[in-house]
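So the sequence shown is residues 114 to 294, counted in my numbering. Each residue gets a CB set at the ideal place from its N, CA and C atoms; glycine is no exception.
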Amino acid sequence: MDPIALIEKYYAPGSEAHRILLRHSGRVTAKAVAAARALKQREPIDVEFVREAALLHDIGILFTNAPDLGCHGKLPYLAHGYKGRELLDQEGLPQHALVCERHIGVGLTAEEISASHLPLPVRDMLPLTVEEQIVTYADLFFSKNPTENDQERTPDQVRETLARFGADKPAVFDAWHARFG
Numbered sequence: 114m115d116p117i118a119l120i121e122k123y124y125a126p127g128s129e130a131h132r133i134l135l136r137h138s139g140r141v142t143a144k145a146v147a148a149a150r151a152l153k154q155r156e157p158i159d160v161e162f163v164r165e166a167a168l169l170h171d172i173g174i175l176f177t178n179a180p181d182l183g184c185h186g187k188l189p190y191l192a193h194g195y196k197g198r199e200l201l202d203q204e205g206l207p208q209h210a211l212v213c214e215r216h217i218g219v220g221l222t223a224e225e226i227s228a229s230h231l232p233l234p235v236r237d238m239l240p241l242t243v244e245e246q247i248v249t250y251a252d253l254f255f256s257k258n259p260t261e262n263d264q265e266r267t268p269d270q271v272r273e274t275l276a277r278f279g280a281d282k283p284a285v286f287d288a289w290h291a292r293f294g
């Protein structure tokens, strides 16, 4: 499976959205693969799956209304996870699809989605496998916002961002950072 060819099935090569997606996903992939390789010395992990899933985790952004990212769809940005799942399910990649849906923040519970009236299907969207967790962890360090100049966030910056969404969120990150960082 060629993740770049799959991305280019949906994104016009050279377009702003294509450029931003590949730049962001490349950074996330490098961090995720490094974490997976280090962890593989201690426990079983599918490094190639991590690479593929990290490249594809944000494939759904094109269908969102995020003009700063070159995306002019109708969905709210938060929907890019479940939209990516739909795309990859249609492509016959159900495990990759779950990474798309479950990588938002440190994951979302059905209760959080319902209580916050988020524009998402009401179901648990939590990264469960170690591979899903590694991609989610690596994604927390990088923004797609072009004004951030590809700067990697520090762990303290990640914690500060996550704290806005609940006191339990930085604790999840800290556990992952101890394991993957």
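Look at the alpha carbon of ILE117 and the alpha carbon of ASP281, and state the distance between them as a whole number of angstroms. Reading the sequence shown from its first residue, position 4 is the one you call residue 117. Reading the sequence shown from its first residue, position 168 is the one you call residue 281. Between ILE117 and ASP281, the C-alpha separation is close to 35 angstroms.
Taking just the CA atoms, how far does ARG277 sit from MET238? Indexing the sequence shown from 1 puts residue 238 at position 125. Indexing the sequence shown from 1 puts residue 277 at position 164. Computed Cα separation, rounded: 18 angstroms.
LEU253 in three-state terms, based on DSSP: Along the sequence shown, one-based indexing puts residue 253 at 140. In the structure shown, LEU253 sits in coil (DSSP, three-state: anything other than H, G, I, E or B).
Would you check if the segment 218–236 and the segment 258–272 touch, i.e. whether three or more CB-CB distances between them fall below 8 angstroms? No contact exists between the segment 258–272 and the segment 218–236.
Would you tell me roughly how many angstroms separate the C-alpha atoms of PHE286 and LEU182, rounded to the nearest one? Numbered from its first residue, the sequence shown carries residue 286 at position 173. Numbered from its first residue, the sequence shown carries residue 182 at position 69. Distance between the alpha carbons of PHE286 and LEU182 is about 26 angstroms.
Please name the residue or residues paired with CYS184 in a DSSP beta bridge. For the purposes of this step, residue 184 is identified with residue 71 of the sequence shown, where counting begins at 1. Paired residue(s): ALA179.
Check for me: the alpha helix (DSSP H) holding GLY279 runs from which residue to which? Walking along the sequence shown from the start, residue 279 turns up at place 166. Premise fails: GLY279 is in no alpha helix (DSSP H) and is neither H nor E.
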